[in-house]
Each structure stands twice: as C-alpha cells, then as structure tokens.
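Shown next, in structure tokens, is the structure this report addresses.
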C-alpha cells in the first residue's frame with residue numbers, strides 16, 4: 473500500500489534554482505510548452521513557456537538525439553541540458569539541450585501568433601479563441617494582476633477582522649427588486665440568480681460584525697457597453713459598528729493601498745510586462761455628488777441636465793477634473809440622490825433627498841458603490857412602504873433587523889472593472905477570462 | 473474637501489489591547505451586541521458579543537446614568553467603563569460600566585435562546601432562522617473553521633505556483649453531460665448553470681500551467697440526503713506537467729497538512745469552542761478501488777454486489793477499515809472504474825476498465841474526486857465517440873487540446889463536506905450558511 477506524505481520530488485529543476493548561481497554550467501531539467509522556434513540552421517532556439525515566464529533552450533543539431541524538425545510549436549516537452557550564461561537570452565541564461573522528451577503534440581498548428589509580444593488581433597477574435605489567445609505572455613499577465621487584486625482584498629480584510637462568507641447564488645428573489653434578474657426554475661419553483669450578496673452580507677453583520685465575499689454576481693442588463701458584463705466577480709464587504717459611511721471609504725482606501733503594495737512586491741514581473749504605472753492610492757479626495765456636478769459644469773462649460781443623475785460622461789469629467797486639479801487617480805463621490813439608490817440605503821438626516829453613500833471613480837469610471845444601510849427595523853419598513861414595494865419574499869431579511877442590527881454599511885467592487893482601469897484597457901471584456909454579454913455565452 | 477488616507481481612528485478599544493496588561497484599571501470603550509443579561513438586583517452582568525468573542529460588562533445601578541431596565545438582549549451598544557480583573561469572567565476581566573450609548577434596539581425579543589452554549593433546536597428551525605441562530609457562539613464558529621479551510625487552500629496553492637481564476641457560472645452547456653443541470657434562459661438562448669469549472673480549469677492549464685478556483689457549483693440532483701446540496705462551494709485545482717495522478721494526491725495531502733497547521737495557529741479559539749480534534753493528515757494511505765472493496769468485504773463479511781460501483785455504505789466501511797487498521801482519518805481510493813468517471817478521465821493503460829483517478833474519503837465520506845485527464849486531442853475525440861457523445865457545444869474545449877495541452881489532472885473538494893467531516897456533523901446543511909436543497913430556496 474502506498475502512503476502519501478505530501479511530498480513529491482520533481483525531476484524538473486525549480487525555477488528559482490534554474491536562475492540561481494548554483495545552476496550555472498550544471499545539468500538541469502525544464503518542462504514547458506514550445507512557445508516559439510527560431511531555426512538558424514546548425515542551431516535552433518527553442519523558447520519554452522512556463523508559468524514563471526519564458527526560457528530559452530538551444531538545440532545544436534549534432535549534440536542531441538533529436539532533430540529540430542521533430543519539434544513544433546505548442547508541443548509540451550521535458551528538456552534536459554546544461555545551463556549556460558547567455559546575455560542575449562531572457563534572464564541572461566539558456567539551456568543547451570542534451571535530451572528532449574516530448575510530452576504531448578498538437579494536432580494542428582496554432583491559429584494565431586501567440587509568440588508575438590503584442591497580440592495583434594481584434595478583441596472579438598481573442599475572445600473566440602480565448603484559451604489559445606491567453607497563451608500570449610502579455611494577455612495572461614493581465615490575469616495575474618487580477619489575481620493580485622482579489623488576493624489583496626481578502627488578505628487586507630482578514631487582517632481587519634472580517635470573516636469570509638459564501639452565500640447562495642440561487643434564491644427566491646433578488647436584492648435590488650425585480651428588474652435585471654436572470655430567472656430559472658428550481659425544482660418547479662420560480663427562482664433567480666443573485667444580483668449581489670447584499671441581503672446575505674447584511675444579515676451576516678449581525679453574526680460576524682464584519683464579512684466579505686468574493687464571488688460571481690449576475691445582471692440581466694440589456695445594455696452592451698464597453699464597461700458592462702452580465703456576469704462578473706464582485707468583491708463585497710459589509711461592516712458593523714461603523715462611525716459613519718466615511719469609515720467604509722477609509723477601509724476601501726486601505727485596501728487599495730495594500731493592493732498596490734502587493735502588486736509591487738509580488739507581481740513586479742507582470743507590471744513590467746504590461747508597463748503598468750500604478751495609481752496613487754495614498755490620498756483619495758471625497759466630493760459631494762452635487763458639488764462634483766457643479767465643479768465639472770463650471771470648468772468644462774457643461775450644462776447640468778439633471779440634478780439627481782450622473783451621466784457616464786460626467787463621471788469621466790469628474791475623473792478628469794480631479795486628475796487635473798489634484799493629480800488624483802481615484803475620487804470618492806458621496807451623497808448620491810436617494811432616488812438613485814436602493815431602498816436599504818440610509819438617507820442623510822440633514823437632507824433626505826440624498827443618502828449616506830458613495831461611488832468610487834477610478835480614472836473616471838465607477839468601480840465601487842457603497843454606503844451606510846438602514847439598520848432600524850421600523851425605519852426599513854417605512855422606507856419599503858414609502859417606495860411602494862412589497863415585503864413579500866423579504867421576511868427573513870426583515871426579521872434580522874427586527875431582532876437587532878448594529879449600524880453598518882459596505883460596498884461592492886467590480887473586479888473586472890478595477891483590473892480594466894488599472895491596466896488602462898478600453899473594454900472590460902479584456903479583463904474577464906470568459907466574458908458573458910448579450911451575445912456571448914461561449915466559450 | 474475631505475481627503476481619505478486609509479486611516480480611521482476608532483474610539484473603541486482594540487480587542488488585544490483590552491485583554492493586554494496596559495488596559496487594566498484603565499478606561500476602555502467596547503461596542504457589541506447584548507448577548508445576555510443577568511440581573512442580580514444591585515448589579516447586572518451584561519455580556520457583549522463581538523466578532524472576537526464574548527466580553528463581560530457590569531452595571532452597578534448607582535454608578536451609571538442608565539438603568540438595567542433600559543437594556544435588553546439584542547440591543548447594540550457602545551459601552552464605556554473601567555477594565556477590572558475578574559477571575560470568573562471570560563478572559564479573566566470585565567468592564568465596570570460608567571456610560572452606555574445605545575446604538576440600536578430590536579423591535580421584538582429573540583425567537584430563540586442564542587445565548588445558550590449549545591443551541592438546542594432542530595436543524596430545520598436553525599435553518600429557518602439562520603441569521604439569528606448563527607449569533608450563537610458555537611454555531612458561528614463552524615464558519616470560522618470553514619474560512620480557515622478555504623483560506624488554507626488558496627494560500628497553499630499560491631505558494632505552489634497556482635494562478636487563481638474566475639470562470640463563468642452561466643454557460644451554453646455543462647461539463648459532465650446533460651443530466652443534473654439547472655437550465656435558464658439567457659436573453660432567449662438556452663443556458664445552464666455550471667456543475668463544475670472542469671472545462672475552464674483544464675483550458676487554463678494550457679495558459680498558467682497550474683490554476684485553482686474557489687466558487688459555487690450547481691447540481692440539479694434530486695436526492696435529498698444528509699450529504700448533498702444543490703449549490704455548494706467547490707475548491708478546484710488543475711495542474712499541468714504532472715508525473716502521474718499520484719502527484720495530485722500529494723498536492724492535496726500537502727494542502728490538508730497546511731490547513732491543519734493554519735487551524736492550530738489562527739483558529740485555536742474556534743477549535744476549542746467546538747471541541748474539534750484535528751485529524752491526522754501527515755500520512756494518508758492510498759488503496760485501489762477493487763482492493764478496497766475486497767478488504768471491507770472480507771473484514772466485515774459483506775458481499776460485493778457490483779465490482780464497478782461503490783455504495784455509500786462501502787465508503788463508510790472503507791473509512792472504518794483504515795481507521796481500525798492504520799488509525800487513518802483520510803484514505804485515497806484510486807483507480808475508479810472508467811464507467812463511473814466522466815469521458816475526460818484518463819483510463820489506466822494497464823487496464824482500461826479503470827482510470828488514473830481517485831476519491832479522497834474523510835472519516836468514510838467522499839470529499840474529493842480527482843484524477844489525471846486525457847490531454848491528447850485524438851484520444852479525447854475517440855473517447856467521446858466511444859461513449860456515443862456529441863462534440864457539439866464542446867468545440868472550444870476540444871480546440872484547446874487540438875493546439876496542444878500538457879499532461880495534467882486535478883481535483884474538486886466540496887468545502888461544506890470537508891467542514892462537516894472536520895466538525896463531526898451529521899448533516900452537510902450544518903456547515904452551509906444558507907443551504908439549497910430540494911425543498912429549501914430561502915432564506
């Protein structure tokens with residue numbers, strides 16, 4: 473009988489060892505996919521792609537028991553050779569091949585030149601061939617950056633006493649009311665996909681004080697824009713015993729600062745590959761909604777059409793304004809009109825037409841919506857009634873408040889949008905592995 | 473204009489400070505929910521519940537500007553007082569109240585005695601009142617343990633070169649074929665909810681070599697057992713360039729060891745509250761499927777009814793056998809019959825009736841299914857044809873193999889089941905915040 477003890481000795485040389493001093497002029501073993509081949513006649517350069525990056529191997533025709541003509545791109549191989557200094561190679565070294573084992577062989581040549589530094593292909597083509605297009609080094613790096621963001625979110629919140637939760641995506645009703653819901657049949661009962669974990673995370677504030685979730689949300693919105701997805705990853709948190717909604721903004725600011733530090737520390741390679749200039753999250757201005765509208769109206773000579781709404785163009789101008797005036801990459805816009813916020817948003821006692829809420833704009837695009845919520849049972853019921861809404865289907869949500877809830881609030885961050893703005897992409901589909909939109913359900 | 477710099481000074485005393493030497497006989501401020509009140513006449517003990525645990529505060533009638541009759545359970549409060557040594561209190565100290573601010577007040581008394589150490593209520597009642605029932609200290613601790621498991625999974629895999637991915641939950645078709653799929657209409661196109669991220673994680677092995685995802689999966693299974701949920705959190709990984717399927721088992725063993733260490737280090741409080749005895753993951757035996765059947769048949773005098781199937785009772789007996797014979801909490805059962813595995817499972821070249829795959833049993837319950845996958849395009853097509861399946865809807869999946877894939881494999885772990893077995897619970901619903909089953913779509 474075999475016993476597993478968690479250890480597994482790989483014949484393959486560890487990446488750090490490969491690049492370290494001790495490996496030089498020694499035999500090493502690498503596995504990877506053949507990213508590209510440059511055949512110079514007597515000698516051929518075979519570039520391997522591994523998760524850590526590219527590594528140059530060199531096949532001298534007379535030295536190995538394999539011919540360059542036996543190799544092709546997209547094969548996966550295990551290569552043995554001598555690690556040799558070579559200034560012109562990535563990492564300043566290469567592997568002079570002494571033996572190759574072919575692990576797998578493609579059935580057909582690649583449909584696009586993924587070995588080009590920049591993949592010169594339309595977004596449409598990239599998305600149709602997503603699993604192939606992402607083999608391009610730049611393309612895949614975007615998703616390492618995305619990993620850093622979600623990782624930073626969790627680590628920062630763990631460190632600040634938050635509990636991670638997993639809430640159901642199938643439910644009897646949505647958190648924001650009837651519109652924009654995907655409907656399904658759940659064992660012959662009508663059900664919907666969650667637009668957000670809003671109700672659940674609020675209910676869990678009564679249990680854990682501070683909670684977060686990183687998971688998919690579903691929006692059956694019919695607009696097909698560059699910044700909308702019908703399924704996206706939402707970074708949600710909710711915290712109790714807040715002193716005010718500004719404490720939520722402070723928590724988000726702290727997260728963003730932590731994320732930038734993590735990127736610098738552990739994702740420097742990808743930042744370099746994508747030539748990303750990290751934004752400044754050290755100081756984030758906060759401006760009232762109505763004030764922001766006035767500021768951009770004055771500076772850019774733009775007429776205010778609706779005092780209680782913010783158009784995408786105005787959002788962009790607010791971003792521009794604060795970049796120009798304060799060199800700010802981020803700006804909090806606070807006190808959104810009550811009409812534009814869901815029923816659970818807490819109105820500002822000083823002026824009930826506005827709420828104790830905020831959006832965070834990053835280079836002129838909304839990446840977060842957050843705010844303080846109503847925590848008093850009777851106030852919540854009154855607000856529901858005032859909106860002409862039904863309590864039906866919200867019984868358990870309301871019961872939670874009936875039995876006591878602390879003052880609380882929270883936010884939701886769209887992970888793909890945050891990544892998009894960080895990378896300066898024009899379309900949010902660039903930063904979603906497999907986007908879902910009005911037309912796209914595959915791959 | 474306000475500027476956020478990420479800092480937020482709370483008036484409330486930090487938990488560690490509260491329990492530290494410097495706080496003794498000093499003024500401190502705590503906020504929390506009133507978990508219970510013991511009124512002794514002249515003096516009342518008001519136990520506060522915070523995310524970190526319970527803390528005793530004491531109201532002496534003549535000393536504070538508030539009467540005990542103004543307080544009730546489930547209020548949330550901010551309390552000022554003097555930290556005093558008190559051996560009989562939790563943590564050996566209490567707060568002698570000098571002032572109380574009531575932050576919120578419940579509209580009705582609690583429907584269950586959540587302040588009891590053990591919540592003596594049926595599972596059904598607990599689930600119906602989930603947001604209230606979880607305020608019980610034992611109940612909520614289960615989900616801190618669950619947090620540790622998912623956190624350990626991610627951290628262990630990050631450290632082993634895995635990339636985190638987010639794959640769509642709405643798709644055109646399922647990974648395991650037509651059965652057990654929740655169907656929905658996606659802008660008038662037929663769509664399904666993902667049973668697993670299987671196809672996506674495999675496709676991403678061609679990009680990142682090693683990937684993982686922690687997210688919801690949906691199974692429209694009609695059996696209502698103690699170990700099935702229709703929506704659960706799956707811990708999935710997939711890794712390329714494997715030496716064999718045993719390497720996947722080694723990775724899982726390493727994860728389990730890491731998880732136990734993390735639990736001991738950061739979740740000792742919850743382990744103590746729940747009296748959890750951690751299982752031994754240091755050495756995990758692996759036994760062939762057919763051999764395991766023989767062993768339990770012999771020892772427990774049980775007739776083998778079907779050579780190619782494993783009944784739940786047999787699973788439990790395998791667990792019992794390895795506990796009795798090897799004192800093992802976990803056991804890998806390997807080489808499952810090909811018929812019981814999906815088309816993408818790699819058959820054992822030594823005997824094609826079986827596969828290079830495994831389940832992990834934990835105290836006699838399957839918590840993981842994994843194995844090596846077919847990576848050769850033509851072999852995959854042949855297997856699909858041999859099963860009489862259609863390639864329709866799998867074009868992009870198959871294209872990925874057409875253009876080269878390394879040898880690879882992976883696994884999926886049911887988070888709720890893993891938690892259930894760790895805690896010794898009888899029903900998986902105990903370890904799911906908001907379970908979804910045949911009858912339960914709310915809360």
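Residue numbers (the numbering used here), protein chains in the order written: chain B, 473 to 915; chain H, 473 to 915. We put the CB at the ideal spot given by N, CA and C, even for glycine. Note that this is a predicted model, so its numbers are computed, not measured.
Check, Outcome
"Shorter than 8 Å from the beta carbon of residue 721/H to some beta carbon of chain A?", "Of the protein chains in the structure, B and H, none is chain A."
"Do we get a CB-CB distance below 8 Å when we pair residue 739/B with the residues of chain H?", "no"
"Determine the burial state of residue 691/B: buried for a count of at least 16 other Cβ atoms within 10 Å of its Cβ, exposed for fewer.", "buried"
"On the criterion of 16 or more Cβ atoms from any shown chain inside 10 Å, does residue 742/B qualify as buried, or is it exposed?", "buried"
"For residue 750/H, name the three-state secondary structure that DSSP assigns.", "coil"
"The alpha helix (DSSP H) with residue 677/B in it runs from where to where?", "670 to 680"
"Can you give me the C-alpha to C-alpha distance between residue 907/H and residue 671/B, rounded to a whole angstrom?", "15 Å"
"Could you tell me whether the Cβ atoms of residue 497/H and residue 570/H are closer together than 8 Å?", "no"
"Listed from N- to C-terminal order along the chain, which residues in the region 864 to 894 of chain H have their beta-carbon within a distance smaller than 9 Å of any beta-carbon of chain B?", "865, 867, 868, 869, 871, 872, 873, 874, 875, 876, 877, 878, 879, 887 and 888"
"Taking 8 Å as the CB-CB limit, is residue 541/H close to chain B?", "no"
"According to DSSP, simplified to helix, strand and coil, what is residue 493/H?", "helix"
"Name the DSSP bridge partner or partners of residue 711/H?", "682/H and 881/H"
"Residues in its own chain within less than 7 Å of residue 855/B by CB, not counting five upstream and five downstream?", "815 and 846"
"Return the bridge partner residues of residue 518/B from the DSSP annotation.", "509/B and 529/B"
"Can you give the Cα-Cα distance for residue 523/B and residue 680/H, rounded to whole angstroms?", "5 Å"
"Comparing C-alpha positions only, which one of 631/H, 775/H, 668/H and 696/H sits nearest to residue 685/H?", "668/H"
"Along chain B, which residues have their Cβ under 7 Å away from the Cβ of residue 905/H?", "637, 638 and 639"
"Roughly how many angstroms lie between the CA atoms of residue 582/H and residue 604/H, to the nearest whole one?", "8 Å"
"Might you give, ordered along the chain, the residues of its own chain that have their beta carbon closer than 6 Å to the beta carbon of residue 608/H, omitting 5 neighbours on each side?", "586 and 591"
"Under a three-way DSSP split, which group does residue 661/H fall into?", "strand"
"Might you give, ordered along the chain, the residues of its own chain that have their beta carbon closer than 7 Å to the beta carbon of residue 572/H, omitting 5 neighbours on each side?", "536, 538, 549 and 551"
"Taking Cβ-Cβ distances shorter than 9 Å, what residues in chain H pair up with residue 756/B?", "475, 476, 477 and 478"
"Could you confirm whether any beta carbon from chain B is found closer than 8 Å to the beta carbon of residue 632/H?", "no"
"Cutting at 8 Å between CB atoms, please list the residues of its own chain near residue 863/H, excluding the five before and the five after it.", "853, 856 and 870"
"Which residues of the region 499 to 525 of chain B have a Cβ closer than 7 Å to any Cβ of chain H? Give them in chain order.", "503, 505, 522 and 523"
"Just by C-beta distance, which residues in the region 799 to 823 of chain B are closer than 7 Å to chain H?", "804"
"Quick one: using the 10 Å Cβ neighbour count with 16 as the cut-off for buried, is residue 833/H buried or exposed?", "buried"
"Would a check of beta-carbon distances place residue 546/H closer than 8 Å to chain B?", "yes"
"Would residue 730/H pass as a contact of residue 624/H if the rule is Cβ separation under 8 Å?", "yes"
"Residue ranges of each beta strand (DSSP E) run of no fewer than 3 residues wholly in the region 545 to 633 of chain B, ordered along the chain?", "548 to 557 and 565 to 576"
"What in chain B is Cβ-close to residue 617/H, meaning under 7 Å?", "None at all; the shortest Cβ gap to chain B is about 11 Å."
"Could you check how far apart the C-beta atoms of residue 807/B and residue 761/B are, in whole angstroms? I think they sit under 8 Å.", "5 Å"
"For residue 578/B, collect the residues of the same chain with a Cβ closer than 6 Å to its Cβ; drop the 5 residues on either side in sequence, then sort them by chain order.", "546"
"Residue 838/B: buried (16+ other C-beta within 10 angstroms of its C-beta) or exposed?", "buried"
"Can you find a CB in chain H that lies within less than 8 Å of the CB of residue 491/B?", "no"
"What does residue 661/H reach in chain B if we use C-beta pairs closer than 8 Å?", "913"
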